[in-house]
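Note that the protein sequences, when read in sequence, are chains A and B.
For what it's worth, my numbering labels the leading residue of the first sequence as 131, then goes sequentially.
For what it's worth, my numbering labels the leading residue of the second sequence as 131, then goes sequentially.
Protein chains: 2
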Amino acid sequence: MKRVRLQDVADRAGVSMKTVSNVIHDYLHVSPQMRARVQEAIDELGYKPNLLGRQLATGRSGLIRLAFVDISLPYFAELARAVSIAARPAGYRILLEETGATYDTERSLLQDTESGLFDGMLFQPSVMTSAQIAACRPDLPTVLLGEAAAPLTMDRVMIDNPAAAREITSHLIASGRRRIGFVGHEESGLSETSRQRLAGYQQALDDAGIQPDPSRLIATKSYDAMGAVTAVTQRLEAGLDVDALVCRDDLAAIGTLRALNHTGLSVPDDVAVTGWDDIKLSAVTFPSLTTVSPDVPVLATRALTLLTERIAGYDGMGRHEVVPHQIVVRESA
Amino acid sequence: MKRVRLQDVADRAGVSMKTVSNVIHDYLHVSPQMRARVQEAIDELGYKPNLLGRQLATGRSGLIRLAFVDISLPYFAELARAVSIAARPAGYRILLEETGATYDTERSLLQDTESGLFDGMLFQPSVMTSAQIAACRPDLPTVLLGEAAAPLTMDRVMIDNPAAAREITSHLIASGRRRIGFVGHEESGLSETSRQRLAGYQQALDDAGIQPDPSRLIATKSYDAMGAVTAVTQRLEAGLDVDALVCRDDLAAIGTLRALNHTGLSVPDDVAVTGWDDIKLSAVTFPSLTTVSPDVPVLATRALTLLTERIAGYDGMGRHEVVPHQIVVRESA
DNA sequence: ATGAAAGCGCTAACAC
DNA sequence: GTGTTAGCGCTTTCAT
Numbered sequence: 131m132k133r134v135r136l137q138d139v140a141d142r143a144g145v146s147m148k149t150v151s152n153v154i155h156d157y158l159h160v161s162p163q164m165r166a167r168v169q170e171a172i173d174e175l176g177y178k179p180n181l182l183g184r185q186l187a188t189g190r191s192g193l194i195r196l197a198f199v200d201i202s203l204p205y206f207a208e209l210a211r212a213v214s215i216a217a218r219p220a221g222y223r224i225l226l227e228e229t230g231a232t233y234d235t236e237r238s239l240l241q242d243t244e245s246g247l248f249d250g251m252l253f254q255p256s257v258m259t260s261a262q263i264a265a266c267r268p269d270l271p272t273v274l275l276g277e278a279a280a281p282l283t284m285d286r287v288m289i290d291n292p293a294a295a296r297e298i299t300s301h302l303i304a305s306g307r308r309r310i311g312f313v314g315h316e317e318s319g320l321s322e323t324s325r326q327r328l329a330g331y332q333q334a335l336d337d338a339g340i341q342p343d344p345s346r347l348i349a350t351k352s353y354d355a356m357g358a359v360t361a362v363t364q365r366l367e368a369g370l371d372v373d374a375l376v377c378r379d380d381l382a383a384i385g386t387l388r389a390l391n392h393t394g395l396s397v398p399d400d401v402a403v404t405g406w407d408d409i410k411l412s413a414v415t416f417p418s419l420t421t422v423s424p425d426v427p428v429l430a431t432r433a434l435t436l437l438t439e440r441i442a443g444y445d446g447m448g449r450h451e452v453v454p455h456q457i458v459v460r461e462s463a
Numbered sequence: 131m132k133r134v135r136l137q138d139v140a141d142r143a144g145v146s147m148k149t150v151s152n153v154i155h156d157y158l159h160v161s162p163q164m165r166a167r168v169q170e171a172i173d174e175l176g177y178k179p180n181l182l183g184r185q186l187a188t189g190r191s192g193l194i195r196l197a198f199v200d201i202s203l204p205y206f207a208e209l210a211r212a213v214s215i216a217a218r219p220a221g222y223r224i225l226l227e228e229t230g231a232t233y234d235t236e237r238s239l240l241q242d243t244e245s246g247l248f249d250g251m252l253f254q255p256s257v258m259t260s261a262q263i264a265a266c267r268p269d270l271p272t273v274l275l276g277e278a279a280a281p282l283t284m285d286r287v288m289i290d291n292p293a294a295a296r297e298i299t300s301h302l303i304a305s306g307r308r309r310i311g312f313v314g315h316e317e318s319g320l321s322e323t324s325r326q327r328l329a330g331y332q333q334a335l336d337d338a339g340i341q342p343d344p345s346r347l348i349a350t351k352s353y354d355a356m357g358a359v360t361a362v363t364q365r366l367e368a369g370l371d372v373d374a375l376v377c378r379d380d381l382a383a384i385g386t387l388r389a390l391n392h393t394g395l396s397v398p399d400d401v402a403v404t405g406w407d408d409i410k411l412s413a414v415t416f417p418s419l420t421t422v423s424p425d426v427p428v429l430a431t432r433a434l435t436l437l438t439e440r441i442a443g444y445d446g447m448g449r450h451e452v453v454p455h456q457i458v459v460r461e462s463a
């Protein structure tokens, strides 16, 4: 069975392409009998509009590029789901793009050598700095996600990281912890994310008159939980002295949980632990994680709204939106 | 700055569109000086080929639809990553589609009312039966993923579920367990996946001359870990008598771990636990999970190869491929 | 080795 | 209300 085109349907129904197009798009001013006749032809021929033709004619693809480090990191998987759910009613589909946290890949997202495929992009940078991003001036409508790098000229949606870090650290202090460490920042090349969370962590200590102790900072080699297992275990064996650990994200917290358990320390009795992201599994670890919970559905919705406005032609300065977060208190702290 | 088209570049360089096109596609027979002149025009104008035009002209979009239940389930996130990595060198991009495990959504994937956007589809069904899928006859080249429903006419890639279930259950038996339960199948409407894993589990018990005990089967209300926490906790409180639990997947196992810990039972001393999928976190739980590890990269690669062949026009019977798996023994069993 | 021109399938402005 | 027609930007025979 060969391909059926709009013209074929028109011929079959004895009308023009325009009329068939009207029927397909539920255009108002079509007489019922005409509509029925055309619909019949569509059904008989099994006509399916070819989206490539439509896209070329309208100049819009209905595709949004969603780019971040790695879909296998639970936070990003959950983010992708939220975005994909929010995109559907807006008539957009999501095309997945992973950067692997390399500069070249991130840059090539902004400096695309081809055009037309995407109507817009949602991009959570991880290694590019604000200045580098600003220098690229993507010609695709773009909204940045997360706390990393955002030039004033571009839209961005995030949660207030320093505030959240301060809150969750204060929660630990309020429960009597004093020897509070931090787990999960990069060994070198601190990301903006880590920087902001560390800043909030330190601020909370300062607020409470606690002297921050650099020996309680535990960097990791990778963003997965294993990186934290290795790093924390090693530092515990070296005599790390803490009664609480603020982790950069839930994966680091899960790794930390394992390292502590493995060393024979009990959570939260010996050491309290907090996470960040509130990934689904954080409620099921043992003990379950006290964590920072960003409102991901709102984040996705807002980002998509801003992007839609850009696509529609809005050309003003960058809007930097902050969406809500909360501290979810569970067993680990 | 307005859009630059192929014709603009051609005008600028004083050549025809064809020549510009040749340069862009690294066509062999172009004189070096011509190539240089055209390239200069491309650079000066900042020309970026419009993919929509190309797609319409070639009839191929370079897009593959990847459809499964829910990207926020770690196994699917890891699968998506593997597919997206395998797709890149083949020149394909991945468009994400979640079915939410509903019949209507799965069906609408196969009965698409539009065409042209995708060159092919990778689809892991979860609720449709083989007969239902066969009845739909998608007109898009399609390869099915996973053990669920696959008509003889369609390609499919999976691991040998009954064998793997039998192996991991036998591993428990070999380590002296006898009162072995199963966790994580659906309360009603057993999926093909659960059916096959239960079959292998039962086979292993039969092999060892152990009488399967239906009271040791623990169904769950959802595929997330929470479903297992609830179900297992409840059954433990009701006096469940087991020394091992084979879980349908790692999420169920993680939930089971928590339920056991919470009840004061130790893993693996009191109860051994096994998972399925070898998601990244299964190495970091405490205790870490003994689990079935499908070779996901190979699965993704093979699926993509079969799909590429279909796209290229292969029209033979369905190929049903089995990719390797192994039992990864960790602390939990 | 390069150019001319006919599509790819659909949309939308304009005419009737 | 419905038909005509000119693109959308690129590829691709077929000439030259």
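All C-beta atoms, glycine included, are put in the ideal place defined by N, C-alpha and C.
Buried or exposed: where does residue i fall if 16 or more other Cβ atoms within 10 Å of its Cβ makes it buried?
i: residue 283 (chain A); result: exposed
i: residue 339 (chain B); result: exposed
i: residue 301 (chain B); result: buried
i: residue 218 (chain B); result: exposed
i: residue 250 (chain B); result: buried
i: residue 328 (chain B); result: buried
i: residue 229 (chain A); result: buried
i: residue 324 (chain A); result: buried
i: residue 285 (chain B); result: buried
i: residue 254 (chain A); result: buried
i: residue 181 (chain B); result: buried
Does the distance from the C-beta atom of residue i to that of residue j stay below 9 Å?
i: residue 112 (chain A); j: residue 271 (chain A); result: The structure shown does not extend to residue 112 (chain A), since chain A is modelled only from 131 to 463, so the question has no answer here.
i: residue 252 (chain B); j: residue 194 (chain B); result: yes
i: residue 198 (chain B); j: residue 275 (chain B); result: yes
i: residue 273 (chain B); j: residue 433 (chain B); result: yes
i: residue 384 (chain A); j: residue 355 (chain A); result: yes
i: residue 424 (chain A); j: residue 215 (chain A); result: no
i: residue 526 (chain A); j: residue 358 (chain B); result: Nothing in the structure corresponds to residue 526 (chain A), since chain A is present only between 131 and 463.
i: residue 289 (chain A); j: residue 455 (chain A); result: yes
i: residue 183 (chain B); j: residue 330 (chain A); result: no
i: residue 402 (chain B); j: residue 462 (chain B); result: yes
i: residue 471 (chain A); j: residue 179 (chain B); result: Lying outside 131 to 463, the shown extent of chain A, residue 471 (chain A) is not represented and no answer is given.
i: residue 153 (chain B); j: residue 169 (chain B); result: yes
i: residue 307 (chain A); j: residue 373 (chain A); result: yes
i: residue 370 (chain B); j: residue 346 (chain B); result: yes
i: residue 279 (chain B); j: residue 227 (chain B); result: no
i: residue 268 (chain A); j: residue 234 (chain A); result: no
Can you list, in chain order, the residues of its chain with a C-beta nearer than 8 Å to that of residue i? Leave out the 5 residues immediately preceding and following it.
i: residue 248 (chain A); result: 191, 193, 194, 195, 225, 270
i: residue 380 (chain A); result: 204, 205, 405, 406, 407, 408, 409, 411, 412, 419, 421
i: residue 281 (chain B); result: 260, 261, 263, 264, 448
i: residue 146 (chain A); result: 140
i: residue 326 (chain A); result: 277, 291, 292, 295
i: residue 220 (chain B); result: 434, 438
i: residue 237 (chain A); result: 258, 262, 266
i: residue 460 (chain B); result: 412, 413, 417, 418, 419, 420, 421
Could you name the residues of the same chain whose beta carbon sits closer than 6 Å to that of residue i, not counting the 5 residues immediately before and after it, in chain order?
i: residue 141 (chain B); result: none
i: residue 335 (chain A); result: 342
i: residue 451 (chain B); result: 287, 432
i: residue 297 (chain B); result: 457
i: residue 303 (chain A); result: 338
i: residue 92 (chain B); result: Since the first residue of chain B shown is 131 and the last is 463, residue 92 (chain B) is not available in this structure.
i: residue 376 (chain B); result: 299, 312, 331, 404
i: residue 398 (chain A); result: 462, 463
By Cβ distance, which residues of its chain are closer than 7 Å to residue i, with the 5 residues on each side in sequence left out?
i: residue 349 (chain B); result: 315, 316, 317, 361
i: residue 231 (chain A); result: 199, 256, 257
i: residue 333 (chain B); result: 292, 296
Review point. Taking contact to mean at least 3 C-beta pairs separated by less than 8 Å, is the segment 178–190 of chain B in contact with the segment 162–170 of chain B?
Key: no
Check your understanding: Three or more beta-carbon pairs under 8 Å between the segment 389–408 of chain A and the segment 362–373 of chain A, yes or no?
Key -> yes
Check your understanding: Quick one: complete beta strand (DSSP E) runs, 3+ long, within the segment 258–322 of chain A?
Key -> 272–275, 285–288, 310–316
Practice item. Starting from the N-terminal side, write out each stretch of the alpha helix (DSSP H) that is 4 residues or longer and does not extend beyond the segment 231–260 of chain B. Key: 233–240
Practice item. Mind listing, in chain order, the continuous alpha helix (DSSP H) runs of no fewer than 4 residues lying wholly within the segment 313–393 of chain A? Key: 322–337, 355–367, 380–393
Check your understanding: Can you list, in chain order, the stretches of the alpha helix (DSSP H) that have 4 or more residues and sit fully within the segment 145–225 of chain B?
Key -> 147–154, 162–175, 181–188, 204–217
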